[in-house]
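To start, the structure itself, in structure tokens.
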Amino acid sequence: MLLSLLLPGACAQAWGVTLPKGPLWVQQGSCVTLSCSYTLPVGEQLQAVVWYWGQHQGQSKTIYDSSTKEWMMFNGRAEFLGHLGHNCSLRLGNLQLGDGGFYHVKLKTQKRTWSSPRRLRLTVTEHPCPTFFLFSSSGTISSTTLTCSVPGSCPYVPLWYAGAGAEALQMKHGTSTLNLGALLTSQGQVLSCQLQGYRGLCLLKGAWSPPEELPAPPRVLVERVGVGPIREGDTFTLHCVGSSPMGPAPALWVHGLDFYNARHFLRVERATVSDGGNYSCLHWVPGAGHGYLLVSSITYVSVKANFTICVVASPGVQPLVGQPLALMCQFDGSNYAGLVFSWYKDGKQLDIVQQELVLPQVQLEDAGEYHCKAHSALGTAASDSLSITVMCGSDCHQLNPKLLAGTGTGVLLLLVLTHLAVYCLARRAPLQEQSQAVKLGVSACHGSEQWGPLYEVIRYSSDSLHCRPDEDSCSHCTEDYCN
1 MLLSLLLPGA CAQAWGVTLP KGPLWVQQGS CVTLSCSYTL PVGEQLQAVV
51 WYWGQHQGQS KTIYDSSTKE WMMFNGRAEF LGHLGHNCSL RLGNLQLGDG
101 GFYHVKLKTQ KRTWSSPRRL RLTVTEHPCP TFFLFSSSGT ISSTTLTCSV
151 PGSCPYVPLW YAGAGAEALQ MKHGTSTLNL GALLTSQGQV LSCQLQGYRG
201 LCLLKGAWSP PEELPAPPRV LVERVGVGPI REGDTFTLHC VGSSPMGPAP
251 ALWVHGLDFY NARHFLRVER ATVSDGGNYS CLHWVPGAGH GYLLVSSITY
301 VSVKANFTIC VVASPGVQPL VGQPLALMCQ FDGSNYAGLV FSWYKDGKQL
351 DIVQQELVLP QVQLEDAGEY HCKAHSALGT AASDSLSITV MCGSDCHQLN
401 PKLLAGTGTG VLLLLVLTHL AVYCLARRAP LQEQSQAVKL GVSACHGSEQ
451 WGPLYEVIRY SSDSLHCRPD EDSCSHCTED YCN
């Protein structure tokens with residue numbers, strides 16, 4: 001006790017951080033624990049431990065802050081093992097080549113921040129069994145194979161797995177192959193290439209997902225300038241987009257029987273009809289002891305041909321009755337193989353599938369609105385309507401049946417109305433005389449001559465009259481059918 005008083009601070013703790021001795025060497029894909037312990041002066045209370053990383057001595061970037069529990073790097077691949085009881089260890093998993101560098105610690109208390117002067121160097125070496133992705137083709141999709149391979153020095157055998165399921169295909173000479181035709185679907189899928197017997201991946205408790213949780217398949221997005229469908233001569237770009245940022249490896253594009261080893265986007269300039277069709281992208285994600293092949297769903301791109309279509313009449317749009325008339329469905333385009341035609345008159349389809357519609361002798365009923373359509377695998381194009389008016393020559397006496405029918409109906413209706421009006425006038429006149437005669441006490445039931453010649457004609461020719469002048473009594477004649 002006396003010595004402590006004479007030498008104040010001689011037995012007191014000082015600031016200090018203890019890290020592993022010497023540099024650490026680890027393989028790609030493995031795990032490493034950066035052991036760390038600390039001491040504080042008497043009276044200091046630790047608030048936070050902060051880990052830093054830099055590729056060089058002078059660089060410093062925050063990895064983890066225990067006060068916020070926020071990861072600035074290694075998100076999902078690291079775990080903080082320390083606590084506020086003098087342990088500040090950090091564990092890193094699935095290490096990549098870029099994780100190598102210098103690591104150091106800072107201690108934060110209520111009064112100050114202290115940085116460890118020593119930096120721990122970590123070197124990540126290449127994995128002895130990196131996976132490679134190759135493809136070969138003899139010209140057809142069914143003959144195209146995808147290969148997962150490892151170096152000859154690797155003691156493990158690569159095998160394809162469909163997702164996290166069973167083995168997809170057999171192993172042969174240190175490689176595992178798949179057929180491309182079976183992979184291109186409307187849904188997309190993820191395949192994994194695993195090394196049989198390899199268990200190099202370490203799992204950190206609650207820190208990152210196990211390998212069986214595969215990434216999602218990518219999608220193909222179509223980008224173009226302007227609006228409307230893509231036509232010949234346009235430029236469009238296809239993007240291979242994943243749920244997470246795609247790695248630096250290029251994508252393999254599949255278009256029909258063609259393959260393009262390009263970046264994550266494929267640009268098509270001055271498009272032609274043949275540039276349309278089904279597109280898929282394949283992206284390889286390499287890893288230490290494993291690899292993932294991400295296969296997108298099939299996306300159809302339509303490139304419409306630039307052609308115009310119209311109806312041309314020969315000799316003209318006003319032919320004479322009896323003359324021949326030819327209507328041609330005329331089109332202009334760069335790709336029109338396999339066209340099928342259809343004809344329409346006044347909106348109703350005709351039983352004609354040829355490009356030319358021929359009327360040997362035009363009649364008046366052939367007048368109307370004509371248009372045609374051209375059908376192909378690229379779609380359907382329709383012309384505007386062309387109006388055909390049939391003219392009557394000097395020796396033409398034929399009436400249009402539609403006009404004749406309309407005129408006849410009107411004349412007949414006029415005759416019926418005229419007849420009804422005459423009848424009603426005639427019927428009303430004698431009834432009025434009869435009524436007046438009854439009031440004066442004069443009988444109106446004797447002598448047909450008293451009704452006048454007009455009434456005589458009508459009364460004997462009409463069955464609808466109930467009152468006749470030759471009857472003895474007219475007491476029952478009370479109805480007027482013209483009122």
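Counting from 1, position 276 in the sequence shown corresponds to residue 276 in the UniProt record's numbering; the numbering is continuous, with no gaps.
We put the beta carbon where it would ideally sit given N, CA and C, even for glycine.
So who's on the other strand from residue i, going by DSSP bridges?
| i | result |
| --- | --- |
| lysine 69 | DSSP lists no partner for lysine 69. |
| threonine 380 | His375 |
| serine 387 | Glu369 |
| aspartate 332 | Thr308 |
| valine 303 | Ile230 |
| glutamine 349 | Tyr344 |
| tryptophan 253 | Tyr260 and Cys281 |
| lysine 61 | Trp53 |
| valine 157 | Gln196 |
| serine 314 | Ala326 |
| serine 136 | Thr145 |
| histidine 83 | Asn87 |
| alanine 162 | Leu191 |
Taking buried to mean at least 16 other C-beta atoms within 10 Å of its own C-beta, is residue i buried or exposed?
| i | result |
| --- | --- |
| glutamate 126 | exposed |
| alanine 382 | exposed |
| arginine 270 | exposed |
| leucine 134 | exposed |
| valine 303 | buried |
| glutamine 361 | exposed |
| tyrosine 344 | buried |
| leucine 350 | exposed |
| valine 273 | buried |
| tyrosine 300 | exposed |
| glutamine 194 | buried |
| glutamate 232 | buried |
| proline 218 | buried |
| valine 227 | exposed |
| alanine 99 | According to the sequence shown, residue 99 is aspartate rather than alanine. Looking at its Cβ environment, which holds 16 or more other Cβ atoms inside 10 Å, aspartate 99 is buried. |
| threonine 39 | exposed |
| leucine 97 | exposed |
| glycine 276 | buried |
| histidine 83 | exposed |
| proline 229 | exposed |
| alanine 14 | exposed |
| arginine 91 | buried |
| valine 340 | exposed |
| aspartate 234 | buried |
| alanine 377 | exposed |
| tryptophan 451 | With a pLDDT of 30 at tryptophan 451, under the threshold of 50, the predicted position of this residue should be treated as unreliable, though the coordinate-derived value follows. Answer is buried; the Cβ neighbour count reaches 16. |
| proline 155 | exposed |
| glycine 101 | buried |
Under DSSP, the beta strand (DSSP E) around residue i begins and ends at which residues?
| i | result |
| --- | --- |
| residue 558 | Because the chain here runs from 1 to 483, residue 558 falls outside it and cannot be looked at. |
| residue 485 | With the chain represented from 1 up to 483, any question about residue 485 goes unanswered, as that position is not in the structure. |
| threonine 147 | 145-149 |
| threonine 125 | 120-125 |
| alanine 78 | 78-80 |
| glutamate 269 | That residue, glutamate 269, is in no beta strand (DSSP E); it is neither H nor E in DSSP. |
| glycine 16 | 16-18 |
| cysteine 193 | 189-196 |
| threonine 237 | 236-241 |
| serine 115 | 113-115 |
| histidine 290 | 290-295 |
| leucine 221 | 219-224 |
- Which runs of the beta strand (DSSP E) spanning at least 3 residues fall entirely within the stretch 24-52, listed in chain order? Entirely contained in the stretch 24-52, the beta strand (DSSP E) runs reaching 3 residues are, in chain order, 24-27, 32-34 and 37-39.
- Message: Using 8 Å as the cut-off, can you tell me whether the stretch 72-81 makes contact with the stretch 20-28, which would need three or more C-beta pairs spanning the two stretches below that distance?
- Response: Remark: fewer than three beta-carbon pairs, one from each stretch, lie closer than 8 Å, so the stretch 72-81 and the stretch 20-28 are not flagged as touching.
- Task: Check whether the stretch 279-289 touches the stretch 322-334, counting contact only when three or more Cβ pairs, one atom from each stretch, lie closer than 8 Å.
- Result: Between the stretch 279-289 and the stretch 322-334, the count of C-beta pairs closer than 8 Å stays below three; the two stretches do not touch.
- Using 8 Å as the Cβ pair cut-off and three pairs as the minimum, do the stretch 61-76 and the stretch 112-130 touch? Fewer than three pairs of CB atoms, one per stretch, sit closer than 8 Å, so the stretch 61-76 makes no contact with the stretch 112-130.
- Item | Inter-stretch contact at 8 Å, needing at least 3 Cβ pairs: the stretch 311-319 / the stretch 291-299 | Contact annotation: the stretch 311-319 does not touch the stretch 291-299, with fewer than three C-beta pairs closer than 8 Å.
- Message: Using 8 Å as the cut-off, can you tell me whether the stretch 321-328 makes contact with the stretch 362-374, which would need three or more C-beta pairs spanning the two stretches below that distance?
- Response: Note that the stretch 321-328 touches the stretch 362-374; at least 3 beta-carbon pairs, one per stretch, sit closer than 8 Å.
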